[in-house]
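This report concerns only the one structure given below.
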Amino acid sequence: MDILNRFRFAAISLLAAAVSGCAVEIAILVSAIGISGCKPNLEERASELGAPVRVLAVRADPAEGVPGDAVAFRALVVDATGAEIAAPSSSWAFCTARKPLAELGPVSPACYEAGSDALSLLGSGTNVQAMLPTSACSNFGPEVPPNKPGEPYGRPVDPDPTGGYYQPVVFVAMEGSDWVTAVETARIACGLSGASSDDVIAFRQRYHVNENPGVLRLRVNGEDVVDETTPVVVASGTSVAVTVEWPACPDVDACGDGICGPDESQVTCMDDCTQPNGCMGAERYLVYDAEARELVVHREAMSVSWFASSGSFDQDRTGREADDPATFSDNIWQAPTTPGIVKGWVVLREERGGTAWHPFIFEVR
Amino acid sequence: MTSFPPRTFFGAAFFALLLGFTRNAFAQGDAQPGGARVGDRDAPATPRVIKPPRIVKFVEAEYPPSEKEANKEATVVLSLGISETGAVVAVVVQESAGPEFDAAAVTAARQFIFEPAEVNGKPIPVKITYRYEFVIKQEVIKRTNSDFQGEVRDRTTKKPLANVTVTLETGQHATTDAQGHFTIAEVEPGDHTVTLSGEGLTPASTQETFEAGKKLDATYDVELKANVPGDDDSDFEVVVTAPRIGRQVVSTEIPAEQGRKVPGTQGDVLKVVENLPGVARAAVGSGALVVWGAAPEDTQVFVEGIRIPRLYHDGGYRSVIHSDMVKSVELVPGGYGASYGRGIGGLVNVQRRPIPQDRVHGSVNVDIIDASASVSAPITDKLSAAVAFRRSHLDSVVKAVGSGDVADVVPLPKYYDGQARLVYRFNANETFELGGLLSSDNTNHTLLGADPADTKRESQALAFGRIYGRYEKKLPTGDTIVLTPSWGQNHSRITDRFGATPTELTSDANVFGFRGTYRAQPEKWLGVSFGVDVDVTSSTFRRAGSVSSPAREGDVRVFGQAPSDQVNVDRWHTIVSSFAPFAEADIGLLDDRLHIMPGLRLEPYVIAVDKATPVSGDVPPVGTSSEKTAIEPRIALRYQFSPRLTAKAAFGLYHQPPAGEDLSAVFGNPKLGLESAIHSLLGTAVKITDTLNAEVTAFYSGMNDLVARSTAPTPLLAQALVQQGRGKSYGAQLMLRQEQIGRFFGWASYSLIRSVRTDAPGLDERLFDYDQTHVLTIVGSYDLGNGVEVGVRGRYATGYPRTPVVGSFYSPRTDRFEPIFGSQNSERIPAFWQLDARIAKRFNLGATDAEVYLDVQNVTNHANAEEIVYGYDYKQKAYIKGLPTLPVLGFKWTF
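Going down the list, the sequences are from chains X and G. Numbering (the working numbering) for the first sequence: 473 to 837. Numbering (the working numbering) for the second sequence: 3 to 897.
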């Protein structure tokens, strides 16, 4: 049986005519017929603001908690001009529905279906505080779901590549008659599934909950933006280099550096780990390699989303691979040809779900 | 207009011995011990008896090409010194005709051998004068074609049979007279399919090789009552010269000579399968074979009984078998007999071309996609061999002429395949073949994103090899034994990465197969066939990534959607084996007008997996195995209302073992059993003229126990896949086929199909992901003469179903919008239509043939939609368009 045939529907085959320039390029090359590429021109870009309501990010504080912990959620909601809005009519809810295996998206359809009984309301506005459900690790984590009499055990949820499990949090941003649904997935600390008892113990000692990242500084054309409320003046139609930086995290754990790393625990370094502090950059963290059946240390990849109310960024998102030690990411913003005030946001995310953001204002002359 | 065989284009040199020879020896001063010298005054004055030299080996001079092209003729006068042994030891040009003519004449003359001149019975050296004339032959009057004559007799009585029509695929035909004789004049040299048919009989075919200028005299002993199962079209059997025809009740067989001329195939015979009735149009770059609404993996591909994993290389650019190895390809969309199993879809049977016994044959073929070569040769009277090889170079071409990163961005397949055969003929009725098949594909694709989370890397590979033996013996009674053991390996790999989310699936399999068949005809009205079909596949798998990736048929998704980032990993080993005895009969009743063909296949399966549940903690894994026996009764009926009208029907049960990759305790279910299907069909075949046939078939296929994803929000352990799916496909297909008539052949095929699935009890029925309501293909090829052929192909197909996106929500953690879907598969990609054309020019290169062809796909440059894509927030929708006008220039040299 052709194993590739079975999965052909999803595999490379169709990419032969796909997103990046596709098979037409082959045709152009071999036939020397000048036909425009077959990639459809979808003009809308994620980095361009313009919708009456737009959710740019949701931040959980702390970035990772155990069931029963209090967590504060804050949403970054902006209007068409890029200004942050309070959106008091917005609402929050935990979703209790577990995602079916066949579902490709991050959550069960029951989390966003109208009239769903899988929602547990938390509050309103762009900020809310809630207790992580105590059942989070059995609903959305590695704990084996309770079985019915006579039936085999249920299947635990698989972790993401960072070993994380997530509680869905539904946020509906409303401003006037406009609304947007966002489904955040808050990281929950649940332990391991399928590991040996030694690894489970070691993981409990050495895994430390995630810390939200922080924007260290923003630079425009190499100059630090000191006051985020003062517009940076740029000439119309020019290219502007925008750089965001985040703190550097240690590559090697050192007891006493104030950061409780993956090779440290309360046993080995009480100073750093009694009240574990994380790093606000690309952290190192412990993850269980289910194939090698051992604990390994990974480093977070960093991702930066760029938004502006006018002009255009070269890239909607930029970032750094996990093995890239650089602590900054840059982008080019093309200023519009018409003068005016342009508001924008830089959203910094790390691989384990931590989030931070920073605004900027350009005055185009 | 037929072409002449290559040699007829050569000018021929004629020679004439005009002046006889000189009487004086050219070496008068030489001492000739023991011999008398001419003119020796001291010799006795006895009468001399002189015998002139006589040529015993003449070598034809090569006509200088430039002179021939200039239409020049000439005469070169040579002086030849001939030794007493008869060898030409000296050549002197006495009258020149120019350096090229002179050189050609001298070169030829040096190779002459004479019976030496004699004086009184003793050989002597002499010098003679030759006049070598170069004359351009009047080629048009030289016989370049062959005559074909013969006799058709009753096999048992040896009495001649009258009114049997002997037809070549060129359309030439003749009918036997009262003495059973027939004659067909002016047959083009080369391999031709000879078809014998007669009143109340359906055609049977064999292959003959015709040589230029030679007459082929054949005697066909035929039997008027061969009710052999599986040979339901063999109302008589051509003994020895033709193998039995194993047609199924509903099948379409295309000979290689026609297949290679179809536009869009670029000369690849097996690509013609895409144009046959019942086959859905594959998406561009796919090559998936969707037959009668069955999933691609449900249709099996056999090369004369040996199962191979795929018919086409990645992207569908080429098949995995070289065309020179192919005699014909047959598509059986369903309702096949008991000799085949393990599939609930259709069958593709590739018949290989017999190795020519006359001389070395071969070809070299090059176009922008790949290059290939084949050679076949008789090694001894009993032993012959053939090899073929092909390798792609499309990636190199694109790298050479395109921008540097195109090859990284565009998934360009790299592939090769090869076939080798060694055939030993014990006698005309007994052969043994040792052969091998090899194929490899490798495709890599990287789409870098500024954000690592957006970087996509995709890589896939599939390689397989087979070694087989094939023993075939025809007993004097006409009974036939065929034994085919085979062994091989399959290796496949999918390695994708979307951001940090991997999708990795590798498999390594050993495949053992054996097929043995015995066919006999105990009574005039009864034929039987029985045998055994064995398959043992031992596989090792590794998979890492999301359960939902790679996507399966039935997944609700959009093209390019990021996979779920919930990941896992598993390694597992499976053995899926079955031993299937089968038996079939063909009962001829009502003066052979009614054929009833019952069959039964009993197939016990053993399915073993080394892990029944995912490995957890320190607990060692425990395996599981199961045994299931499939009982598969099948029956086919054919009734001939008249020589031109036949009705047919078939019914059968079919089963299919689970795919090894679905038996993972993490990603699938180790306890999956057999999927099953019922095929039923009803049809009629009308012979409108001797060469124009129409065939209409209605079919229904009901499928049960299909493997699908568990829809439970909390699935049980080791039950990510469950066997609760059901499906059905039904519809009709039409084939209107004009066999070669004069210079034209072609066909029109139309399929009307609806294929639906229900993934679990209680769920709504949905369209099958590959459902295509209408598929129309029209193919025609015309020989314009002077070696020029033109062909066109027109296609229309309903677009594949897709699930509409009715909204979206934002996922802050990934900064991606996720689609909200409407009813599954409730919209379609716009319909596809395309016109392709092919023009080919054949000409002679010396004693060989050459062909230059231009295969132009999408001549109207119609922008066909191939897939739907959405904007970042799913508010914008657009279509990925298929190939624009794509000319493929190719060259083939055949010798």
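Backbone N, C-alpha and C fix where the C-beta goes; we use that ideal spot for every residue, glycine too.
Checklist entry - By Cβ distance, which residues of its chain are closer than 7 Å to isoleucine 633 of chain G, with the 5 residues on each side in sequence left out? => result Counting only Cβ-Cβ distances below 7 Å, and skipping sequence neighbours, we find Leu604.
Checklist entry - DSSP beta-bridge partners for histidine 680 of chain X? => result Per DSSP, none; premise fails for histidine 680 of chain X.
Item to check | Straight-line Cα distance separating glycine 337 of chain G from alanine 296 of chain G | outcome: When only Cα atoms are considered, alanine 296 of chain G and glycine 337 of chain G end up about 13 Å apart.
Item to check | Completely contained beta strand (DSSP E) runs for the stretch 770–836 of chain X, where each covers 3 or more residues | outcome: Counting only runs of 3+ residues, the beta strand (DSSP E) found wholly inside the stretch 770–836 of chain X occupies 774–780, 789–792, 800–806, 812–822 and 827–836, in chain order.
Checklist entry - Smallest Cα separation from glycine 343 of chain G: which of G/Arg309, G/Glu332 and G/Thr800? => result The shortest C-alpha separation from glycine 343 of chain G is found at G/Arg309.
Next on the checklist: Would isoleucine 822 of chain G pass as an interface residue toward chain X - the criterion being a Cβ-Cβ separation below 8 Å?
Outcome noted: Put simply, the CB of isoleucine 822 of chain G is near chain X, with a gap under 8 Å to one of its CB atoms.
Next on the checklist: Quick check on phenylalanine 747 of chain G: buried or exposed, where buried means 16 or more other Cβ atoms within 10 Å of its Cβ?
Outcome noted: Phenylalanine 747 of chain G is classed as buried because its beta carbon has at least 16 other beta carbons within 10 Å across all chains shown.
Next on the checklist: Quick check: the Cα distance between proline 311 of chain G and alanine 465 of chain G, rounded to an integer number of angstroms?
Outcome noted: Roughly 9 Å separates the two Cα atoms.
Checklist entry - Quick one, are the C-beta atoms of arginine 517 of chain G and glycine 529 of chain G less than 8 Å apart? => result In this structure, the beta-carbon distance from arginine 517 of chain G to glycine 529 of chain G does not fall below 8 Å.
Checklist entry - CB of lysine 475 of chain G to nearest heavy atom of the ligand NAD: below 7 Å? => result Among the components of this structure there are no ligands whatsoever, and the ligand NAD is therefore not found.
Next on the checklist: In whole angstroms, give me the CA-to-CA distance for isoleucine 52 of chain G and proline 162 of chain G.
Outcome noted: Distance between the alpha carbons of isoleucine 52 of chain G and proline 162 of chain G is about 59 Å.
Next on the checklist: By alpha-carbon positions, which one of G/Arg640, G/Phe581, G/Leu647 and G/Gly280 ends up nearest to glutamate 629 of chain G?
Outcome noted: Among G/Arg640, G/Phe581, G/Leu647 and G/Gly280, the Cα nearest to that of glutamate 629 of chain G is on G/Phe581.
Checklist entry - What residues from chain X crowd round asparagine 570 of chain G, counting only those whose CB sits closer than 7 Å? => result Result: Asp630 and Ala762.
Item to check | Inter-residue spacing [alpha-carbon to alpha-carbon] between threonine 197 of chain G and glycine 173 of chain G | outcome: Cα to Cα, threonine 197 of chain G sits roughly 10 Å from glycine 173 of chain G.
Item to check | chain X within 8 Å of tyrosine 874 of chain G, Cβ atoms only | outcome: Using beta-carbon distances, tyrosine 874 of chain G counts as an interface residue toward chain X, with a partner under 8 Å.
Item to check | Sequence ranges, beta strand (DSSP E) only - wholly within the stretch 590–621 of chain X, length at least 3 | outcome: Counting whole runs of 3 or more residues, the stretch 590–621 of chain X contains the beta strand (DSSP E) stretches 591–596 and 599–603.
Next on the checklist: With a threshold of 8 Å between beta-carbons, can arginine 354 of chain G be considered close to chain X, or not?
Outcome noted: With 8 Å as the cut-off, arginine 354 of chain G does not count as an interface residue toward chain X.
Checklist entry - Whose C-alpha, out of X/Gln601, X/Ala523 and X/Gln747, is nearest the C-alpha of valine 681 of chain X? => result Among X/Gln601, X/Ala523 and X/Gln747, the Cα nearest to that of valine 681 of chain X belongs to X/Gln747.
Item to check | Cβ-based burial, alanine 828 of chain X [other Cβ within 10 Å; buried from 16] | outcome: That one is buried.
Checklist entry - Are the stretch 549–568 of chain X and the stretch 850–869 of chain G in contact at 8 Å, needing three or more beta carbon pairs? => result They do not touch, by the three-pair rule.
Item to check | Below-8 Å beta-carbon distance, threonine 691 of chain G vs any chain X residue | outcome: At a cut-off of 8 Å between beta carbons, threonine 691 of chain G makes no contact with chain X.
Checklist entry - Using the C-alpha atoms, what's the distance from cysteine 745 of chain X back to serine 737 of chain X? => result About 6 Å.
Checklist entry - Per DSSP, what kind of secondary structure is aspartate 179 of chain G in: helix, strand or coil? => result Here aspartate 179 of chain G carries a coil assignment [DSSP, helix/strand/coil].
Item to check | Chain-ordered neighbours of glycine 626 of chain X on chain G, where CB pairs are closer than 9 Å | outcome: Under the 9 Å cutoff, chain G gives Ala714, Thr716, Pro717, Leu718 and Leu719.
Checklist entry - What does glutamine 878 of chain G reach in chain X if we use C-beta pairs closer than 8 Å? => result Result: Leu514, Glu515 and Glu516.
Item to check | Beta carbon proximity, phenylalanine 17 of chain G to chain X, threshold 8 Å | outcome: Note that phenylalanine 17 of chain G scores 29 on pLDDT, short of 50, meaning its location in the model is unreliable; the coordinates nonetheless yield the value given after this. No, no contact with chain X.
Item to check | CB contact check: proline 814 of chain G to chain X, cutoff 8 Å | outcome: Closer than 8 Å to some Cβ of chain X, the Cβ of proline 814 of chain G qualifies, so yes.
Checklist entry - In terms of DSSP beta bridges, what is alanine 99 of chain G paired with? => result For alanine 99 of chain G, DSSP records no beta bridge to any residue.
Next on the checklist: Under DSSP, the beta strand (DSSP E) around aspartate 707 of chain G begins and ends at which residues?
Outcome noted: For aspartate 707 of chain G, the enclosing beta strand (DSSP E) starts and ends at 694–711.
Checklist entry - Quick one: is glycine 280 of chain G near chain X, going by C-beta distance under 8 Å? => result Chain X contact via Cβ: absent.
Item to check | Sub-8 Å separation of threonine 519 of chain G and glutamate 506 of chain G beta-carbons | outcome: The answer is no: Cβ separation not under 8 Å.
Checklist entry - Distance, Cα to Cα, leucine 440 of chain G vs valine 366 of chain G? => result If you take the alpha carbons of leucine 440 of chain G and valine 366 of chain G, they lie about 19 Å apart.
Checklist entry - Where in the stretch 520–566 of chain X do unbroken runs of the beta strand (DSSP E), each at least 3 residues long, occur, reported from the N-terminal end onward? => result List check, beta strand (DSSP E) in window: 526–533 and 542–550.
Checklist entry - Which chain X residues sit within Cβ distance under 8 Å of proline 565 of chain G? => result Within 8 Å of the CB of proline 565 of chain G, the CB atoms of chain X belong to Leu576, in sequence order along the chain.
Next on the checklist: The alpha helix (DSSP H) that contains glutamate 69 of chain G, what's its start and end?
Outcome noted: Taken as a continuous stretch (DSSP letters only), the alpha helix (DSSP H) holding glutamate 69 of chain G covers 67–71.
Next on the checklist: 8 Å is my cut-off, CB to CB: does alanine 780 of chain X come that close to chain G?
Outcome noted: It does not; no Cβ of chain G falls within 8 Å.
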